[in-house]
Structure formats: structure tokens, C-alpha cells
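Undergrad:
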Amino acid sequence: MSTDKPNAIIVIFGATGDLSKRKLFPSIYRLYKNGKIGEEFAVVGLARRPWTNDVFRENVRNSIEQSSSKEEDLEDFSSHFYYHSFDVTDTSSYDDLNNLLEDLEGHYQTDGNRIFYLAMAPEYFGSIANQLEENGLKNGKGWTRLVIEKPFGHDLDSAKELNNQIRHAFDEDQIYRIDHYLGKEMVQNIEVIRFANGIFEHLWNNRFISNIQITSSEKLGVEERARYYDHSGATRDMVQNHMLQMVALLAMEPPIKLTPEEIRSEKVKVLRALRLVDPEKVNEFFVRGQYGSSNSIKGYREEATDLANSTTETFVAGKVMIDNYRWAGVPFYIRTGKKMKEKSTKIVVEFNDIPMNLYYKNETEKHPNLLIINIQPNEGITLYLNAKKAGIGSIAEPIKLSYTNNGVDDINTPEAYEKLLYDCIIGDTTNFTHWDEVAHSWEFVDSLLDAWAAVTPDFPNYPAGSMGPEAANDLLEKDGFHWWPITD
Ligand SMILES: NC(=O)C1=CN([C@@H]2O[C@H](COP(=O)(O)OP(=O)(O)OC[C@H]3O[C@@H](n4cnc5c(N)ncnc54)[C@H](OP(=O)(O)O)[C@@H]3O)[C@@H](O)[C@H]2O)C=CC1
Ligand SMILES: O=C1O[C@H](COP(=O)(O)O)[C@@H](O)[C@H](O)[C@H]1O
């Protein structure tokens, strides 16, 4: 891994699409603005529609203006962008792409370094990787990296097939599988909070923690992505990747070094220890939901004509058990869904009460210590303690110690893409998912989806704008817990 400012050509497959417009162009711009990439870079955008360089550059500028205030250096910035009309299924056009890259490499001092970013539907990932190999595009004079968007497969078998196709053309250390949650500031902070604070790491186990809750709720529905989402559902869309990655970071052992290999190896051990879902007990451990209409908000089935009879889940809550020495018996409750009450991602670590609490005499009065990691919209940490209520007498009351990080955005997705793109440019794979992590996550998710497949769900079962079905509350109540609020 190099820490300089290496130069590269970034080739974006799917450059006229939504992800490029909303996340990739603004992120590249921020890298440019923040001095993380210099003047020696070029971006080649590929897609079928017959745009010119000028039309492409105008779209790039518009997308940046939509995501930030009016900027003055956009003409200079967008002059680094080139468009190449290209159908990825037409194998003869890869030669032209190679010629374009060689021309640009004569113009910009990019040392032959190439990043191929696949921002297209996943069915193309394998064949593009192979065409890049067969047509010699990955054999430039510098390094070559392949960035792959989600979803990485639909289940374990399809993920394996995709992986084999890609690995046929690229080595594992050239493949950067994006999980944008791993670029979020406070997700990256989980390791620092755990491993740089003496007060937490000693307590970070089943003797002192009673349960951990991870919520990632969204107010939005499926918007323009109904076709993809209905085939995916909340479990594949959010649990297989983002939620399980957060579980792994919270539960892993301290790595012996902060290298990508050591961190990954500890995360993989957690994912291997996830208890697979027993079909007989699926309802004891998991709840699925789909939002229905409420007041003026449409239900999922009314969002598009194709969805009228959909049984796709837009909500999942679950009790994930990690069968290892540190975590035996501690539930990791996860919860995610669309059209919920708030947009919020939050982790609550609930500590056990002390053996004899002299201040809180009964269960209902208890205020356990909580460590809250606020991922979005606000970024920060809150620690709930108990302290003496000021004044006469000796009464305890909960107090909170808070740290707020002045994040760049409310919703830190563009910043996450910016960080991950930069990591890719400098060759740091720490915050990308290795195949082993993907495979174990799918194994767990497949066990859940297989168990659910046996029964047709009774949907819709939660009103849009709520926190999900009532059964998600029962899941914790029967263990003697409840969901902590997701707003401060
Ligand atoms: N949008 C989002 O918020 C997120 C997206 N992703 C992932 O990113 C990827 C892209 O998603 P998104 O941008 O939303 O998708 P879009 O449907 O908006 O864009 C697809 C892109 O692919 C191009 N394309 C389609 N077929 C071909 C072809 N045969 N040859 C060349 N280009 C083609 C389209 O352009 P044209 O029609 O001009 O050819 C377009 O640029 C997907 O894997 C998605 O799962 C991941 C997280 C979030
Ligand atoms: O990957 C995805 O994530 C978004 C939520 O990301 P966030 O950064 O806004 O929390 C989700 O809306 C989308 O369905 C999913 O594909």
C-alpha cells in the first residue's frame, strides 16, 4: 500500500446512471477539491447512450451542483472527464476503449494506473471483468484495480459463480468490493472506540454487555429502484452487507496489527461464528415486514404496478447470536427497513446492571449504562451513566456524556464514497469486503431466507411512517429488553 498521491485513470462503467450522478461524480470532485488527487487524472465514462464529451461534462457539473453549492472550478474539473459510448455486451468495442486509455495516458501523467469502477447492473460484472482481461486492458503500465458495486450475488451460489468469473480475470488483491457503510466516519470509528480505550475493551464481552442493538432505518421507500429492490428485499439489500459488517466490527477480536489482512481475518472469524437460522425457530429470532399505506403515504404494493402482489420484505428485525467464547448468550439485535419513522443509523451497547443496585430498587426504574454510537444523521458517541441528582438527598439519575463529530453532511454517504475511492487510489483494502466475508454473510442470510421461503408472509404488516411491525418489539421484550430510542 502506498500513501502518496498516485495518479490514475478512473473508468466508470455505467456513467450515465444514478449512482454515478449522485455519489461518484460528487465524490471525485471532493477528492479534487480537498487536494487528494492532483491535476494528473482522467475519468472515462462509459454507457450506451450517444453522448459527447461536452454533454457528459455538463451532466457531471450538474450533478455536483445538485449535491453542493455553486462551485467555481467546475469547468477545470470537468475537463478531465471523457465519454465513450459503449455497449458492454459488444466485445469488439473493448479495443477502442484500450486505445482511448492509451491516448489519455499520453496526455496525463497517470503512470499507467487504471481503476475500473463497475457501476452497472450486477449481471454484467463477470463478463466485463473477463473482457478487460481478454482485451489486455488490465495489463497497463501501472497497477489495475477493479471496483465492484453491490449486490455481490443473490445468494451464496450465485455469489460464488460471480466470484469465480471475476477471479478468473483479476487477483483478489485487485478487487475492491464496495460496502459504502465501511466508508462512514462512525463505522470506521467502531474499531478506534473499542481498541483505543482501556475503559471499554475490558468490558466488551458477555460478562458485562447484556445486548447490542443496531438500527438502520430509512424514511424513503424504494423510489426509482423498485425493480431491483423487489428482487432483493431488505435482507439482501441491507443485512447481507451493511448490517453484518457492523456486527463483525463490533464483535471481532482485537487484530494483532492494523493491516487489512489482520482486520479481515478477525471479521471473518465472527462471520463464521454466526448461528445459522434454524427453520423451526425462525420466528423466535427474526421478524419480516412490508409497509402498507398510512395516511397519505402509499404502501409498498402501491408504489408500482408490478408490486401489487409483492411478498418482498421491506423490513427485517432479528436476534443474531455469535457462538464464540466472547459473545455466547449476548443477542445482537438488528433492525432495518424502508418507510420508517426516522432516517437514522445507530448502535446501542447496553451494559449489564451491577449485581446490587442500591439506587434503583426495581426493574422498571433501572437505567443501564449505554454506549451509543451515532452513525447518521448526527455523528458522535453518547455514554449514559448514572449520577447523583443535584440537591438534597441521594437520588441517582441518568446523565449523558456526548461527543459530536462535525461531519461534512447530515447523511454521510457522499463522504463515504469519497473515502473509499481514495482508499482504492492508494491501494488500501481495509474498508472493502474480502470474498471470505461475502461468502460467510451469504451463508447466514441464505439460512434465513430459506427458512422464510417455506411460508407466505401476511403482508403488509406495518404502517408506513412507523418503526416496523409490533412483532419486532416482542422480539426484545421476551428477552427482557426493549429497543432504545433512535432519536437523541
Ligand atoms: N443508485 C444507488 O443509490 C445505488 C446503486 N448501487 C449499485 O450500483 C450499480 C448501478 O446502479 P444505478 O446507477 O442505480 O443504476 P442505473 O440503472 O441508474 O444505471 C445503469 C447504468 O448502466 C448503463 N448500462 C446499462 N446497460 C448497459 C450496457 N449494455 N452497456 C453499457 N452501459 C450500460 C446505463 O446507461 P445507458 O442506458 O446509457 O447504457 C447506466 O449508465 C448497481 O449495481 C447498483 O446495485 C449500489 C448502491 C446504491
Ligand atoms: O446500500 C444501500 O444503502 C442505502 C442506505 O444507505 P445510507 O447511506 O443512506 O444509509 C439504501 O437506501 C439502499 O436501499 C441500499 O441499497
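Heads up: the sequence shown at position 207 corresponds to 1588 in this note's numbering, and the numbers run straight through without jumps. Even for Gly, the Cβ is constructed at its ideal location relative to N, Cα and C.
(1) Compare the beta carbon distance of Gly1872 and Gly1680 with 8 Å and say whether it is the shorter of the two.
(2) Can you round the beta-carbon distance between Arg1575 and Phe1581 to whole angstroms, since I take them to be within the 8 Å contact cut?
(3) Could you tell me the distance, in whole angstroms, from the CA atom of Asp1457 to the CA atom of Ile1762?
(4) How many angstroms separate the CA atom of Thr1384 from the CA atom of Glu1665?
(5) When you compare the CB positions of Ile1445 and Phe1506, do they come within less than 8 Å of one another, or not?
(6) To the nearest whole angstrom, what separates the beta carbons of Pro1660 and Asp1831, a pair I think is in contact under 8 Å?
(7) Assess contact between the region 1404 to 1413 and the region 1429 to 1437, defined as three or more Cβ pairs (one per stretch) separated by less than 8 Å. Is contact present?
(8) Just list the residues that DSSP pairs Phe1667 with in beta bridges.
(9) Work out the CA separation of Arg1558 and Val1836 for me, nearest whole Å.
(10) Could you please go through the chain and list the residues whose beta-carbon is closer than 7 Å to any non-hydrogen atom of ligand 1?
(11) Out of curiosity, what's the CA-to-CA distance linking Pro1636 and Ser1646?
(12) Which of the three DSSP states is assigned to Asn1586 in this structure?
(13) Within the continuous beta strand (DSSP E) that includes Tyr1463, where are the two ends?
(14) Given 8 Å as the limit, is there contact between the region 1550 to 1569 and the region 1742 to 1753, that is, 3 or more CB pairs closer than that?
(15) For a minimum of 3 consecutive residues, which ranges assigned as the beta strand (DSSP E) are wholly contained in the region 1552 to 1624?
(16) So, do the region 1558 to 1568 and the region 1754 to 1774 have three or more beta carbon pairs nearer to each other than 8 Å?
(17) Candidates Ser1460, Gln1512, Glu1486, Glu1483: which alpha carbon is nearest Phe1394's?
(18) What does DSSP give as the partner residues of Lys1769 in its beta bridges?
(19) Using beta-carbon positions only, say whether Trp1864 and Asn1854 come within less than 8 Å of one another.
(20) Would you check if the distance between the CB atom of Arg1653 and the CB atom of His1549 is smaller than 8 Å?
(21) Quick check: is any heavy atom of ligand 2 less than 7 Å from the C-beta of Asp1611?
(22) Please determine whether the Cβ atom of Met1619 lies at a distance below 7 Å from any heavy atom of ligand 4.
(23) Identify which residue in Ala1502, Pro1387, Gly1579, Leu1856 has its Cα closest to the Cα of Asp1492.
(24) Throw me the rounded Cβ distance for the Thr1616 and Leu1427 pair, which I believe falls under 8 Å.
(25) Under 8 Å by Cβ, that's how I've got Ala1797 and His1623 pegged, so tell me the actual separation to the nearest angstrom.
(26) Return helix, strand or coil for Ser1383, following the three-state DSSP convention.
(27) Tell whether a beta-carbon distance below 8 Å holds between Phe1551 and Leu1518.
(28) Quick one: is Val1392 buried, meaning 16 or more other Cβ sit within 10 Å of its Cβ, or exposed?
(29) Where Asp1869 and Asn1733 are concerned, what is the direct C-alpha to C-alpha distance, given to the nearest angstrom?
(30) List, from N- to C-terminal side, the alpha helix (DSSP H) runs of 4 residues or more that fit wholly inside the region 1404 to 1443.
(31) Given Lys1770, which residues of its chain have a CB within under 8 Å of its CB, disregarding the five upstream and five downstream residues?
(32) Given that a residue counts as buried once 16 or more other Cβ atoms are within 10 Å of its Cβ, and exposed if not, what is Leu1766?
(33) Let me check understanding here. Comparing Cα to Cα, which of Glu1604, Lys1650, Ile1644, Asn1676 lies closest to Lys1719?
(34) Using only alpha-carbon positions, find the residue among Leu1584, Ala1500, Asp1468 that is nearest to Ile1735.
(35) Look at the alpha carbon of Asn1812 and the alpha carbon of Gly1774, and state the distance between them as a whole number of angstroms.
(36) For Gly1673, which three-state DSSP category applies?
TA: Based on what the coordinates show:
(1) The structure shown does not extend to residue 1872, since the chain is modelled only from 1382 through 1869, so no value can be given for it.
(2) Walking along the sequence shown from the start, residue 1575 turns up at place 194. Walking along the sequence shown from the start, residue 1581 turns up at place 200. Confirmed, about 6 Å.
(3) The count along the sequence shown starts at 1 and reaches residue 1457 at position 76. The count along the sequence shown starts at 1 and reaches residue 1762 at position 381. Cα-Cα distance, rounded: 39 Å.
(4) Looking up residue 1384 in the sequence shown gives position 3. Looking up residue 1665 in the sequence shown gives position 284. Below a pLDDT of 50, predicted positions are generally treated as unreliable, and Thr1384, at 46, falls in that range; no measurement from the model is reported.
(5) On the sequence shown, position 64 is the one that residue 1445 refers to. On the sequence shown, position 125 is the one that residue 1506 refers to. No, they are not a contact pair.
(6) Here residue 1660 refers to the residue found at position 279 of the sequence shown. Here residue 1831 refers to the residue found at position 450 of the sequence shown. At roughly 7 Å, the Cβ-Cβ gap stays under 8 Å, so Pro1660 and Asp1831 are in contact.
(7) no
(8) Stepping through the sequence shown from its first residue, residue 1667 is reached at position 286. Phe1667 is bridged to Gly1699.
(9) Counted from its first residue, the sequence shown places residue 1836 at position 455. Counted from its first residue, the sequence shown places residue 1558 at position 177. Distance between the alpha carbons of Val1836 and Arg1558 is about 33 Å.
(10) Phe1394, Gly1395, Ala1396, Thr1397, Gly1398, Asp1399, Leu1400, Ser1401, Arg1403, Lys1404, Leu1427, Ala1428, Arg1429, Arg1430, Phe1467, Asp1468, Val1469, Thr1470, Ala1500, Met1501, Ala1502, Pro1503, Tyr1505, Glu1530, Lys1531, Pro1532, His1561, Arg1606, Tyr1609
(11) Counting from 1 along the sequence shown, the entry for residue 1636 is found at position 255. Counting from 1 along the sequence shown, the entry for residue 1646 is found at position 265. Cα to Cα, the separation comes out at about 8 Å.
(12) In the sequence shown, the residue the question calls residue 1586 occupies position 205. Asn1586 falls in the coil class under three-state DSSP.
(13) Against the sequence shown, residue 1463 aligns to sequence position 82. Per DSSP, Tyr1463 belongs to the beta strand (DSSP E) from 1462 to 1466.
(14) no
(15) 1556 to 1558, 1590 to 1598
(16) yes
(17) Here residue 1394 corresponds to residue number 13 of the sequence shown, with the count starting at 1. Measuring from the Cα of Phe1394, the nearest candidate turns out to be Gln1512.
(18) Here the question's residue 1769 lines up with position 388 in the sequence shown. Answer is Ala1777, bridged to Lys1769.
(19) Reading the sequence shown from its first residue, position 483 is the one you call residue 1864. Reading the sequence shown from its first residue, position 473 is the one you call residue 1854. The answer is yes: Cβ separation under 8 Å.
(20) Your numbering for residue 1653 matches position 272 in the sequence shown. Your numbering for residue 1549 matches position 168 in the sequence shown. No. Outside cutoff.
(21) Reading the sequence shown from its first residue, position 230 is the one you call residue 1611. Every heavy atom of ligand 2 is 7 Å or more from the Cβ of Asp1611, so no.
(22) Ligands displayed in this structure: ligand 1 and ligand 2; ligand 4 is not among them.
(23) Within the sequence shown, residue 1492 is the residue found at index 111, counting from 1. Ranking Ala1502, Pro1387, Gly1579, Leu1856 by Cα distance to Asp1492 puts Pro1387 first.
(24) As a working mapping, residue 1616 is identified with position 235 in the sequence shown. As a working mapping, residue 1427 is identified with position 46 in the sequence shown. 32 Å between Cβ atoms; not a contact.
(25) For the purposes of this step, residue 1797 is taken as the residue at position 416 of the sequence shown. For the purposes of this step, residue 1623 is taken as the residue at position 242 of the sequence shown. Contact doesn't hold; Cβ gap of about 11 Å is too wide.
(26) Position 2 of the sequence shown, counting from 1, holds the residue named residue 1383. For Ser1383, the pLDDT reaches just 48, beneath the cut-off of 50, and the residue's location in the model is therefore unreliable, although a value from the coordinates is still provided. It is coil, neither helix nor strand.
(27) Translated into the one-based positions of the sequence shown, residue 1551 becomes position 170. Translated into the one-based positions of the sequence shown, residue 1518 becomes position 137. It is not a contact, given that the beta carbons lie outside the stated cut-off.
(28) Indexing the sequence shown from 1 puts residue 1392 at position 11. Answer is buried; the Cβ neighbour count reaches 16.
(29) The sequence position of residue 1869 within the sequence shown is 488, counting from 1. The sequence position of residue 1733 within the sequence shown is 352, counting from 1. Whole-angstrom Cα-Cα distance: 22 Å.
(30) 1406 to 1414
(31) Sequence index remark: in the sequence shown, residue 1770 carries index 389 (1-based). So the qualifying residues of the chain are Ile1776, Ala1777, Glu1778.
(32) The residue labelled residue 1766 in the question sits at position 385 within the sequence shown. Exposed, by the Cβ-count rule.
(33) Position 338 of the sequence shown, counted from the start, is the residue given in the question as residue 1719. It is Glu1604.
(34) One-based indexing of the sequence shown puts residue 1735 at position 354. Selected option, being the one with the closest Cα: Leu1584.
(35) Within the sequence shown, residue 1812 is the residue found at index 431, counting from 1. Within the sequence shown, residue 1774 is the residue found at index 393, counting from 1. Rounded to whole angstroms, Asn1812 to Gly1774 spans 51 Å at the Cα level.
(36) Residue 1673 sits at position 292 when you count from the first residue of the sequence shown. Three-state DSSP puts Gly1673 in a strand.
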